[in-house]
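There are 2 protein chains.
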Amino acid sequence: MPKAAPPRPVGARRRDEILRIAMETFATRGYHNASLAEIAERSGLTQAGVLHHFRTKAGLLTGVLELRDKSDIDALGDGRPRGLGLLRHLVDTARRNAEREGIVRLYTVLSAESVTEGHPAQEYFRSRYQGLRTMVITALEEAAEAGELPATRDLPELANAIIAVMDGLQVQWLLDPAAVDMARATDRVITALIGVPLPPEE
Amino acid sequence: MPKAAPPRPVGARRRDEILRIAMETFATRGYHNASLAEIAERSGLTQAGVLHHFRTKAGLLTGVLELRDKSDIDALGDGRPRGLGLLRHLVDTARRNAEREGIVRLYTVLSAESVTEGHPAQEYFRSRYQGLRTMVITALEEAAEAGELPATRDLPELANAIIAVMDGLQVQWLLDPAAVDMARATDRVITALIGVPLPPEE
DNA sequence: GTCTATATTTGGATAGAC
DNA sequence: GTCTATCCAAATATAGAC
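Sequence order for the protein chains is Y and H.
First residue of the first sequence? That's 1 in our numbering, and the numbers climb one at a time after it.
First residue of the second sequence? That's 1001 in our numbering, and the numbers climb one at a time after it.
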């Protein structure tokens, strides 16, 4: 069973392990408050050892974000859902996220931190939101063309609102998990906004 | 016209000035990445000078958050709106916020940063969200009793969603102001959720 | 590829003079 | 109330041995 891993079959093992731990650490502490020393220690390396694989701390952050992108794309894999199916998929994602606190924490902490001056992830999040917006708008347009969408006015605004609810719920959920049901609330907002129930889960 | 300022008529001048500058700095850099040195310099003091007024950096952050609370309460002043009037007030706040980037930045950055381990503002934001939730739920209950509210199911979920949209929109707006109209999007979500238009602006 | 050692900077906080 | 001086800890990054 040949692996499709492109660059190095075994030399990248350590690198991936460092990335995994860096992800956890950035999620737990934020970027600025996380230290290479902690990441190194938890990786069973020294600080210099980590910096052999990633020349700078910002480079390490970039690596983490690229890794996340890759696994997100892999997760979709078999052709992404279209129209209302994508909105359904967003709700499913919210549900799955309730079992993946680390990921939620990573994105919540870093996205907000990225709006500070000179933050290395600023461009990443700017273009990420642009991508998310485009994706949701496209889905809404597809639904509208298929006649499945009563609300056809100002789709970009609709998309912004849907993305915003999901983000905002995450902050509340991280601070007080018992107080928030991310999936239900997301479903409710989307349903209310588009004026029609979502298709059943795949 | 006698001032109602309680503790010191003139000695607190410097203290307030430091708080103002600290607020800006925390908003721009986040808590961890802001330094007392920078706050001191911008205040025209040395680091030790600042620490004379606030014994620790965390104490300074607490001071900033208390100050904001006080001015928020002052802003409401003449009896807070009830029922749907409060939801209208939320939309108005979103509109005003588009002219107060500093405040938006402060809350967005700090609330997300507060979910990290051992953050000094964690309790503050936990109880702040609890307070916001209670406030919105109460308003929804009032509206329901007055027969102004078609959607009466699961009001806490409704409240969470409304708060979440507002927060989420702020992140997007800070990264790309032209891409988001916070007030319009907030209005649209609230209207869709409660199933009835909001009363006209006061 | 990983380590030790170190350079360099910067952080928060304290002591004591003025 | 503010400063200077200082302490101590921690941070990122580099050089060079193994």
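Glycine residues also receive a C-beta, built at the ideal position from the N, C-alpha and C atoms.
Residue environment, residue i, which counts as buried when at least 16 other CB atoms sit within 10 Å
i, result
"L120 of chain Y", "Rather than Leu, the amino acid found at residue 120 of chain Y in this sequence is Pro. P120 of chain Y is buried by the Cβ-count criterion."
"L76 of chain Y", "exposed"
"A1192 of chain H", "buried"
"S43 of chain Y", "buried"
"K70 of chain Y", "exposed"
"A58 of chain Y", "exposed"
"D16 of chain Y", "exposed"
"R1188 of chain H", "buried"
"I1073 of chain H", "exposed"
"T116 of chain Y", "buried"
"A1048 of chain H", "exposed"
"T186 of chain Y", "buried"
"A178 of chain Y", "exposed"
"T56 of chain Y", "exposed"
"R1133 of chain H", "buried"
"D78 of chain Y", "exposed"
"A37 of chain Y", "exposed"
"I1194 of chain H", "buried"
"E1113 of chain H", "buried"
"A205 of chain Y", "The requested residue 205 of chain Y is not part of the displayed model; chain Y covers only 1 to 202."
"A1164 of chain H", "buried"
"T46 of chain Y", "exposed"
"A1146 of chain H", "exposed"
"S1127 of chain H", "exposed"
Close beta carbons around residue i, own chain, < 6 Å, minus the five adjacent residues each side
i, result
"Y124 of chain Y", "L65"
"A143 of chain Y", "G83, L84 and L149"
"L90 of chain Y", "none"
"A1183 of chain H", "V1091, A1094 and R1095"
"A1151 of chain H", "I1194 and G1195"
"Q1122 of chain H", "S1114"
"L1067 of chain H", "L1019"
"G1118 of chain H", "none"
Same chain only: Cβ atoms within 7 Å of residue i, ignoring 5 sequence neighbours per side
i, result
"G1063 of chain H", "L1019 and F1054"
"A139 of chain Y", "R82, G83, L86 and L87"
"E101 of chain Y", "none"
"L174 of chain Y", "V104, R105 and T108"
"V1050 of chain H", "I1018, L1036, I1039, A1040 and S1043"
"E201 of chain Y", "R88 and D92"
"L1061 of chain H", "F1026, Y1031, P1120 and A1121"
"A161 of chain Y", "L193"
Residue i: first and last residue of the uninterrupted alpha helix (DSSP H) it sits in
i, result
"T1093 of chain H", "L1084 to N1097"
"D16 of chain Y", "R13 to R29"
"L1193 of chain H", "M1182 to I1194"
"G102 of chain Y", "E101 to E113"
Cβ shell of residue i (< 8 Å), same chain only, five flanking positions each side left out
i, result
"I1021 of chain H", "I1039, R1042 and S1043"
"L1155 of chain H", "I1137, L1140, E1141 and A1144"
"L1198 of chain H", "L1084, L1087, R1088, V1091, D1187, I1190 and T1191"
"V1180 of chain H", "L1169, Q1172 and W1173"
"M23 of chain Y", "V64, L67, R68, G102 and L106"
Residue i beta carbon near the ligand NAD (any heavy atom closer than 7 Å)
i, result
"L87 of chain Y", "Among the ligands in the structure shown, none appear at all, so the ligand NAD cannot be discussed."
Within the chosen definition, does the segment 1105-1122 of chain H reach the segment 1169-1184 of chain H through at least 3 CB pairs nearer than 8 Å?
-> With three or more CB-CB distances shorter than 8 Å, the segment 1105-1122 of chain H counts as touching the segment 1169-1184 of chain H.
In chain order, which continuous runs of the alpha helix (DSSP H) of length 4 or greater are located wholly inside the segment 1118-1172 of chain H?
-> Assignment of alpha helix (DSSP H) within the segment 1118-1172 of chain H, counting only whole runs of 4 or more residues, yields 1122-1145 in chain order.
Quick one: any contact between the segment 31-38 of chain Y and the segment 1028-1035 of chain H, if contact means 3 or more CB pairs under 8 Å?
-> yes
May I have a chain-ordered list of the alpha helix (DSSP H) segments no shorter than 4 residues that lie completely inside the segment 1034-1059 of chain H?
-> 1036-1043 and 1047-1053
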